[in-house]
Amino acid sequence: MKARLVLAFISSLLVLDAAVLAVPRTFPPFGSVVVRAGTATFGEYASVQAAAQSLPNDNSTRSIFIYPGTYTGQVNITRPGVTHVYGYTTNASSYKNNVVNIVANGTLTSAGSDDLSGSLRVQSSGVRLYNINVKNTYGPGVQAIALSAYGTQFGAYGCGFYGYQDTLYSNQGTQVYLKSYIEGAVDFIFGRLGQAYFAGNTIAVSGYGCITASGRQTNNSAVYVFNGNQIVLAPDAQSDIAGRIFLGRPWADYARVIFKNTYITAPMNNTMWSIWNPGDERIDHVLFAEYNSTGPGIPSDVQRPSFATMLTASQAAQYNITSVVGSGWQQWIDMVYLLDADIAGFS
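Residue numbers for the sequence shown follow our numbering, beginning at 7 and rising by one.
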């Protein structure tokens, strides 16, 4: 009887979450700075960067609301206060209805560093992004970041991140990515010190390579945990990538990446994980772990390497949102999105 009541309560929460998330967000929250493409209206801004620069450089909580459009040019968020950035959408529950695009095409070569190439660079704590697509359109050939995230207590909700090599630079601080879309080919989720939790996302592979490249250099708190995501081929994926996709490779010797409850349709290599490069393997201290990976993209002859770890249920449970971002996360993570993406992951 008690178990049935618990299940009924959880089901009611899921229904409530779906109802709350599925509503449109088509008007600015009170007090928001407004961005509208081509605007000549006093008090509005035609570029996202101009709106970000208009916010006071203090510890106050501020918000930006962006109307539909493609906004070209790099955006930097550097203010010390909490900043919420909302994209116009008819359905806040998903990236699929996003109509706000931040687009640039910087590269490591043109910008002078990988971080500086980012279409959106977050250098502040307490930034939340909602229903915004961030794109680096350069394409293959060189590192070109869509999002460079250095801030702690960062959250992306119903967003889209599009690139090819080095799409999402989760480099420092506590971060969550929920109900979002992340596309790339080579090392497209990577960083050194980031503590990032990914749940309910679509990870789309557009070319052959590794999804993650953890650059953890010592036995520190940096970790990427993926729980309840799906890995698919991008709509315009290269045609020759079957068997050439890996969950990750170690950018540094202490790389730490865990995939839990992943549904995979993209055609993976039968080893699932890769060394860094021949002769420079970087595998002595890695933790590349999986639990409950399923789906037709996993080869029938899968043979994971000796440096990969298959977790038991009890071991997998240790890699939860608290272990990734620490206690007190209820104060800064949008709980509605977390419940919708990861209700089974609470612990």
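Glycine residues also receive a C-beta, built at the ideal position from the N, C-alpha and C atoms.
In the DSSP assignment, Pro256 forms a beta bridge with Ser220. Pro35 sits exposed, since fewer than 16 C-beta atoms from the chains shown fall within 10 Å of its C-beta. Per DSSP, Gln236 lies in no alpha helix (DSSP H); the unbroken beta strand (DSSP E) holding it starts and ends at 236–239.
Looking at the DSSP output, His90 bridges to Ser69, Arg134. By the neighbour-count criterion, in which 16 or more other beta carbons inside 10 Å mark a residue as buried, Asn276 falls on the exposed side. Exclusion of the five residues before and after Pro256 leaves Ser220, Trp282, Arg288, Ile289, Val292 as the residues of its chain whose Cβ lies within less than 7 Å of its Cβ. DSSP places Ile327 inside the alpha helix (DSSP H), whose first and last residues are 327–331. Look at Gln55 here: in three-state DSSP terms it is helix. Lys185 carries a coil assignment under DSSP once its states are collapsed to helix, strand and coil.
Counting C-beta pairs with one atom in each stretch, the region 311–320 and the region 65–78 have fewer than three that are closer than 8 Å, which means they do not touch. Here the alpha carbon of Thr95 sits roughly 24 Å from the alpha carbon of Ile237.
Taking a C-beta distance under 7 Å as the contact criterion, Lys102 and Ala347 do not qualify as a contact pair. Ranked by Cα distance from Asp286, the first of Val39, Asp259, Gln80 is Asp259. Under DSSP, Asn298 shares a beta bridge with no residue.
When the alpha-carbon of Ser66 is set against those of Gln336, Tyr51, His90, the nearest one is in His90.
By alpha-carbon distance to Ala155, the top candidate from Gly234, Asn111, Thr84, Asn97 is Thr84. With respect to Ser123, Ala150 sits close: the two C-beta atoms are nearer than 7 Å. Pairing Asn207 with Leu153, the inter-Cα distance amounts to about 16 Å. Within 10 angstroms of the beta-carbon of Val342 lie 16 or more other beta-carbons, which makes it buried. Residue pairing for Glu50: DSSP places it in a beta bridge opposite Val40.
Per DSSP, reduced to three states, the secondary structure at Asp121 is helical.
Between Phe160 and Val133, the C-beta spacing is below 7 Å. When the five nearest sequence neighbours on each side are left out, the beta carbons in the same chain lying within less than 8 Å of the beta carbon of Asn104 are those of Gly93, Thr95, Asn137, Ile138, Asn139, Gly164, Cys165, Gly166, in order along the chain. For Ser38, the closest C-alpha among the options Pro30, Ala162, Ser60 is that of Ser60.
According to DSSP, residue pairing for Lys141 in a beta bridge involves Val109, Tyr168. Per DSSP, the continuous beta strand (DSSP E) segment holding Ala162 begins and ends at 160–163.
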